Structure formats: structure tokens, C-alpha cells
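Numbering (the UniProt record's numbering), first residue to last: 1 to 680. All C-beta atoms in this analysis are idealised placements derived from N, C-alpha and C, irrespective of residue type, glycine included. Because the structure is a prediction, the values reported are computed rather than measured.
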Amino acid sequence: KVASLAFQIDVFLARSLLEKLYLFQYPIRPASMTYDDVTHLSAKIKPKQQKVELEMAIDTLNPNYCRSKGEQIALNVDGTCTDETNTYSSKLMDKQTFCSSQAASNVSRYAAAVYRKGELHLTPLHGILQLRPSFTYLDKADAKHREREAANEGGDSSQDEAEDDVKQITVRFSRPETEQARQRRVQSYEFLQKRQAEEHWVHLHYYGLKDSRSEHERQYLFSQAHGLAENTELIKSPSEYLMMLMPPSVEEENDKPVAPSNVLSMAQLRTLPLADQIKILMKNVKVMPFANLMSLLGSGTDSTAVLRCIQQVAMLVQGNWVVKSDVLYPKDTSSPHSGVPAEVLCRGRDFVMWKFTQGRWVVRKEVAAVTKLCPEDVKDFLEHMSVARINKGWEFMLPYDEDFVKKHPDIVQRQHMLWMGIQAKLEKVYNLLKEHLTPKKQETQSGHPLVVSGEQRVNMAKARVKQNYGQLEKEFQKQKAELKSNDAAAKMDISNIRIKEEPVSDEEPMDTSAYEGMNNGVVNGLHAEEDSMDALNGHLPGGCGDRVAQELKAFVSSTFKKQFVLTLSELKRLFNLHLASLPPGHTLFSGISDKMLQDMVLDTGCKQILVPFPPQTAASPDELKVYALWEAGDTYDQHRQVLLEIFSKNYRVRRNVIQNQLSQECGEDVNKQEVDRVLK
């Protein structure tokens with residue numbers, strides 16, 4: 001109800017013409033021509049597009065009508081000939097076409113109102129269309145003019161000289177359309193215009209103002225039921241009612257990137273799960289020390305939980321956390337500069353991150369030469385984690401975080417193993433040379449040594465043994481109590497304990513023998529003074545050696561039962577991945593040397609196959625050492641041994657030679673399927 005000081009009016013909502021009522025806005029006509037003078041000849045509509053086309057008659061007898069101009073327009077459009085296709089059959093412009101356009105995109109706030117006997121009846125509008133004159137007949141006139149000119153030019157040549165022109169036809173075969181190309185085509189202007197043109201016209205019938213059908217339809221503008229049960233929308237408070245009549249305009253907002261600076265406040269960010277908070281922060285900051293991350297997450301946050309979550313979205317570089325590449329470049333995305341897929345971008349950015357694990361400086365040209373990416377993509381990678389310095393290159397933007405490395409040696413060691421696995425993948429993909437793996441000597445502002453020799457590692461291990469002398473004594477007493485039956489062990493004295501020392505030149509720890517570039521002071525935050533290894537070259541204090549040997553033997557046995565043949569390089573890569581999957585503080589983190597790993601391989605029933613590779617091969621020494629499982633306990637042991645003997649004499653053998661040799665050694669004909677299985 002709408003009330004005033006003098007009276008009140010009942011308001012009803014009519015639903016009969018809901019989603020059917022349109023408002024047409026006609027152009028202003030001369031004052032001498034009233035609405036009754038206009039006759040609608042035809043009408044048609046495209047419902048989906050809400051597009052209407054009306055053809056209306058023009059009063060040619062009106063004093064304001066220029067007859068000569070109407071005749072000229074009809075002559076230009078139809079010419080002198082008379083047929084059924086003529087636009088103006090009366091040789092006079094006696095009609096005009098109007099096309100509609102939407103006057104408003106949101107018409108939910110508009111309604112048609114009818115007042116009768118103290119009642120106001122409202123019917124919501126489904127569309128508001130503005131009608132404007134259409135001048136397509138001018139295009140038709142231009143087409144007729146061009147046809148006449150072409151006919152006149154063609155008539156000058158004789159019929160005898162007319163010959164069919166031979167035209168060259170180019171045949172093209174369309175390639176299969178990709179999903180991205182299809183999406184671009186669907187969103188193109190030509191495709192949208194084609195879809196609009198494909199919608200069929202629905203022809204309408206026009207009924208005059210005084211027609212009985214019009215009078216019947218106008219009755220639907222009144223509410224058919226005056227009961228309040230059918231008009232519950234109007235049982236509202238005055239403020240709610242006004243809000244329904246004039247709702248606030250809602251502007252369409254573009255999707256903003258997920259970031260705490262422009263989407264979430266810090267209070268809103270802390271309402272999210274911890275993993276989501278860390279992912280959002282790292283995705284926007286990209287490089288952050290662990291102390292800063294803890295301060296952003298607020299007081300009371302468990303640092304252990306943060307460490308567990310941060311390793312899922314970031315990698316450790318020089319003691320600082322850098323967001324992972326697959327977080328910035330999700331699957332099925334591409335570069336905005338070059339359009340290369342996300343997989344290639346992630347590989348290139350991992351190479352940049354890996355270079356920063358070797359030193360504080362990276363040269364942009366070197367990265368572009370190795371990754372083969374465009375300069376814009378390489379610049380984006382470098383800007384994520386470094387700052388450009390004139391005549392020097394790009395320097396890692398944050399200083400080495402020594403505090404984090406000291407407090408969390410297990411995390412540092414685990415990240416170190418992950419980087420070794422990434423390095424192995426990069427070596428295969430980019431065919432990295434030795435100069436790429438070895439860090440260049442550059443001036444660094446930090447006072448940490450870049451190279452740690454084997455002698456220094458021995459001295460550090462000795463110092464740690466002296467510091468942990470009390471712990472060693474307790475472990476020795478425990479062993480002494482367990483071995484009472486052994487008289488020799490009972491008479492041992494603590495002063496007779498010696499730490500076995502082996503020459504550094506004979507063997508190196510695993511993290512330095514296979515990967516020369518990783519043996520420096522800033523490898524993934526693993527610094528010399530904070531090396532978490534309590535043992536050296538695999539010789540462990542106390543009774544830890546047996547447990548390490550058991551764990552190592554279990555790994556080697558399970559690996560060779562799956563792979564059968566492995567090079568030392570591939571075995572070390574698999575071992576590093578195995579270490580990365582172990583929980584912090586595992587016994588295998590004590591340090592395993594190359595010699596220990598090779599001895600364990602031989603102890604588990606494997607043999608080294610001396611494959612005579614060519615001298616000019618570019619393979620590394622670890623790739624030339626081949627180990628194979630000699631006895632697996634299956635029916636193909638003999639076949640496999642014969643095959644390994646063949647490859648110990650030549651590194652390249654034909655299939656028929658292998659099949660003949662197997663048949664001779666095994667004493668039976670070996671078919672092709674069995675040969676394929678053994679080779680596999």
C-alpha cells in the first residue's frame with residue numbers, strides 16, 4: 001500500500017504477462033502525423049536476442065511528404081524493372097523499416113502500471129526496446145548500381161571473344177582445431193555475428209489500439225487475484241518495499257587475483273586454513289625468510305606445522321624460502337609473453353632457482369642460452385628472486401639466512417636432497433655441461449667459504465666426536481652390557497676407541513662425488529659450519545652402523561628387484577629421492593658415501609658389468625659404472641646372465657646375435673617374445 005496524508009492506494013502485482021511484456025520506444029514523428037496515421041504492415045522478432053523488426057507504412061498523402069524524393073529513392077532501389085522482388089511495388093517510398101536495440105540491460109526495476117478504481121496494478125517489464133530507422137534499402141540501391149555498371153562493361157566485348165577464364169585454385173587442408181583455438185573462435189566477433197544471424201525470425205501479428213484482441217490482452221495487465229496470499233511480495237516493510245522497487249545498482253567487478261593486498265585483509269587471511277595462508281603469502285611475496293613468514297602468520301602459530309606446509313609450496317634457497325614454480329605456473333596455463341606451456345616455464349624457473357643454490361649471482365644470457373626461452377620470460381624468473389646489478393648480473397635479493405640453517409639442519413638436509421634430484425633432471429633435459437654445473441668464482445659479500453675440502457670435513461667430524469664424547473661413552477656402555485658373553489668385548493677400554501679415518505682422495509661423500517656444483521657453502525642453505533652430519537664417509541659412532549646398513553641394504557635390494565640394471569649415477573639419483581621421502585632425523589641422513597653404496601650393491605648379489613663404452617663418449621664416470629642383479633630367483637636368471645655377458649664384450653649388439661647366443665647357451669630355441677622380455 002502507498003499512503004499519503006489524504007488517501008491510500010492498494011498496489012497489486014500482476015503476473016499474467018510476466019516475461020512477455022515489452023516496452024517499445026518509437027522515434028519522434030512530425031507533429032502533423034499522429035500515431036493513428038501509422039499502419040504496421042509486418043513485424044517479426046528474435047526472442048533470444050530480443051531483437052524486433054517492424055515494417056510501417058508512410059502516409060504518402062500527407063502534405064509534409066515529398067513525393068519527388070520518394071519516387072527517386074524507389075527508382076534507386078528497384079530500378080526501372082518491375083517484379084516481385086521490388087522493395088517498393090508502387091514506385092514510391094511508401095514504407096519504412098525499424099530495427100530495435102536494447103535500451104537497458106537490466107530492466108528488473110521497471111514495470112508497467114495501470115490505475116483503476118483506486119487500485120494500482122504493476123506488471124514487470126521483460127525488455128525495453130528502442131526502434132530506429134533501418135537504411136538497408138540504401139545498400140540494396142548500391143548493389144543494383146554496381147550490377148548495372150558491370151553489365152554495361154560486359155556488353156562491350158563480343159560474344160565470340162568471350163572465353164572462360166582459367167583460374168588457379170589453391171587447395172588447403174585444415175588442421176585439427178585445438179581447444180584454445182576453438183575458444184578463441186567462439187569468442188570472436190564473426191562467430192557471435194554468425195550465431196545471431198542463424199536465429200530464425202518469429203513473425204508477429206499486429207493488432208490496432210481499438211481491436212478486440214488488444215482489449216482482451218490489456219485485461220492481463222490487472223491482477224487476476226486480489227488475495228494477499230498471491231501477493232506475498234508486497235507484504236513488506238516500507239524500507240524493504242522501496243528496496244524492491246529501486247534495488248541498488250550492482251556493477252560487475254572483474255575478478256581480481258587472489259592476494260592479501262587487494263582481496264583479503266590480514267584478519268580475513270588468518271581465518272583461512274594454515275596451508276592456504278602460506279600458499280597465498282608465498283605466491284605473492286615469492287621470496288621470504290622463515291622469520292618473516294612466522295611474523296605474518298601471527299603469534300601462537302606452531303612452527304612445526306608451518307615447516308610442514310611451507311615445504312609443499314616453496315623450496316629452500318640460501319636459507320630463504322622461494323615459491324615453487326608449479327604454484328606460479330599451474331598446469332594447462334601458458335606464458336603471457338611467448339605462449340609456451342607451463343611445464344616448460346616451470347623447468348626454466350627451476351633452473352634459475354638451482355643456479356642460485358650454487359651462488360649469489362646469475363647471468364641472464366647464460367639462463368637464456370640454456371633454457372631457450374624468450375628474454376621476457378627469463379626476466380620474469382629473475383625478478384621473482386633477484387635484483388639486477390650493473391656490470392655484475394642478477395644477485396639473489398635476500399642475504400643468506402644463517403639462523404634458520406642452524407636451527408633446522410634436518411630441513412636443510414632434506415631440501416638439499418630434493419635439489420640434487422632436480423639437478424639430475426635438469427642435466428638430462430638441458431644437457432648441462434661441466435661449466436654449467438660448476439659455480440663461477442665471483443666476489444661475494446658474505447664471509448662464508450664457497451668450497452669445503454675433504455680435509456676440512458674430516459677436521460669438523462673430529463671436533464664433533466670430541467664434543468660428543470659423553471654420548472659415545474654411554475652408547476659404548478650399552479653395547480658392553482649387551483655383549484657380556486663376549487670376553488674380548490668385556491675387556492675393551494674406552495680409551496681404545498678410535499675413529500676410522502680414510503683418505504679423502506679415495507672416496508668423497510655422496511653429495512660431492514656426483515654433483516660437483518653442489519659442493520659449496522650456499523647449497524640450498526647447507527653451510528659448512530652447520531652441516532648436520534655427525535659422521536664422516538659413512539662411519540658412524542656407536543651402534544648406528546648396523547641400522548644404517550640394514551636400511552641401505554633394504555633400499556638396494558628393492559631397487560634392483562624393480563630395475564635389474566642401473567648405472568651408479570641413476571642409483572644415486574634414486575637414493576636421493578628415497579632420502580627426500582624419509583622423515584627428518586632418519587638414520588640414512590647420517591651420510592652415505594659412494595664406496596658404501598657400491599659395496600652394498602655387490603653384497604646384495606649384484607655384479608658390476610664392465611661394458612666397453614667407446615672412448616669418445618660424453619658420459620660421466622658414474623654413468624659408465626653399470627651394476628646388474630645377477631640372480632633374481634626367476635626363470636630368466638640364465639637368460640639374463642648370458643645377456644649381461646654379451647654386453648660385457650660389446651656395448652652395441654644386434655637382436656639376432658642375442659637370440660642366437662641365448663639359444664646356444666640355454667640349449668633350446670628362444671622365440672622373439674622371450675628375447676623381448678629379457679631385453680626389457
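Asked                                                                                                                    : Found
Continuous alpha helix (DSSP H) stretch holding residue 310: start and end                                               : 303-313
Pairwise C-alpha distance: residue 358 and residue 319                                                                   : 12 Å
Distance CB(residue 422)-CB(residue 350) smaller than 8 Å                                                                : yes
Simplified DSSP assignment, three categories, for residue 609                                                            : strand
Residue 85 burial status per 10 Å Cβ neighbour count (16 or more: buried)                                                : exposed
Residue 82 (DSSP reduced to helix, strand or coil)                                                                       : coil
Three-state class that DSSP yields for residue 10 in the structure shown                                                 : strand
Helix, strand or coil at residue 628 [DSSP, three-state]                                                                 : strand
Close-in-space but distant-in-sequence residues of the same chain around residue 568 (CB under 6 Å, 5 per side omitted)  : 622, 625
Residue environment, residue 78, which counts as buried when at least 16 other CB atoms sit within 10 Å                  : buried
Residue 602 burial status per 10 Å Cβ neighbour count (16 or more: buried)                                               : exposed
Residue 541 - DSSP class collapsed to helix/strand/coil                                                                  : Note on residue 541: pLDDT 47, under 50, position unreliable in the model; no value is reported.
Exposure of residue 463, with buried meaning 16 or more beta-carbon neighbours within 10 Å                               : exposed
Residue 665 in three-state terms, based on DSSP                                                                          : helix
Residue 236 versus residue 59 - alpha carbon distance                                                                    : 51 Å
Helix, strand or coil at residue 512 [DSSP, three-state]                                                                 : Any answer about residue 512 is weak, because its pLDDT of 37 lies below 50 and its placement is not dependable; what the coordinates show is given next. Note: residue 512 maps to helix in three-state DSSP.
Contact the stretch 359-367 vs the stretch 321-329: 3+ CB pairs below 8 Å                                                : no
Residue 353 and residue 415 closer than 8 Å at C-beta                                                                    : no
Selected residue, minimal CA-CA separation from residue 307, among 215, 408, 285                                         : 408
Beta-ladder partner(s) of residue 687, from DSSP                                                                         : Lying before the first or after the last residue shown, residue 687 is absent from the chain, which here runs from 1 to 680.
Cβ-Cβ separation, residue 123 to residue 21 (assumed contact under 8 Å), whole Å                                         : 6 Å
DSSP-derived helix/strand/coil call for residue 503                                                                      : Since pLDDT at residue 503 reaches only 44, below the 50 mark, its modelled position is unreliable, and the value read off the structure follows with that caveat. The answer is coil: DSSP assigns residue 503 none of H, G, I, E or B.
Buried versus exposed call for residue 299 [16 or more other C-beta atoms within 10 Å across all chains shown]           : exposed
Reduced DSSP category for residue 127 - H, G, I as helix; E, B as strand; rest coil                                      : strand
Whole-angstrom C-beta distance between residue 588 and residue 579, which should lie under 8 Å                           : 6 Å
Rounded separation between residue 223 and residue 216 - CA only                                                         : 14 Å
C-alpha distance - residue 614 paired with residue 634, whole-angstrom precision                                         : 33 Å
Nonlocal neighbours in the same chain, by C-beta distance under 8 Å from residue 553, ignoring five residues either side : 600, 603, 604
Nearest residue (CA-CA) to residue 355, options 338, 386, 336, 92                                                        : 386
Pairwise C-alpha distance: residue 610 and residue 680                                                                   : 20 Å
Touching by the beta-carbon criterion (3+ pairs, under 8 Å), the stretch 104-122 and the stretch 54-72                   : no
DSSP state of residue 102 mapped onto helix, strand, coil                                                                : strand
CA nearest to the CA of residue 584, picked from 637, 417, 281                                                           : 417
Top-ranked residue by Cα proximity to residue 592, from 564, 413, 475                                                    : 413
Neighbourhood of residue 80 by C-beta, 6 Å cutoff - its chain only, sequence neighbours within 5 removed                 : none
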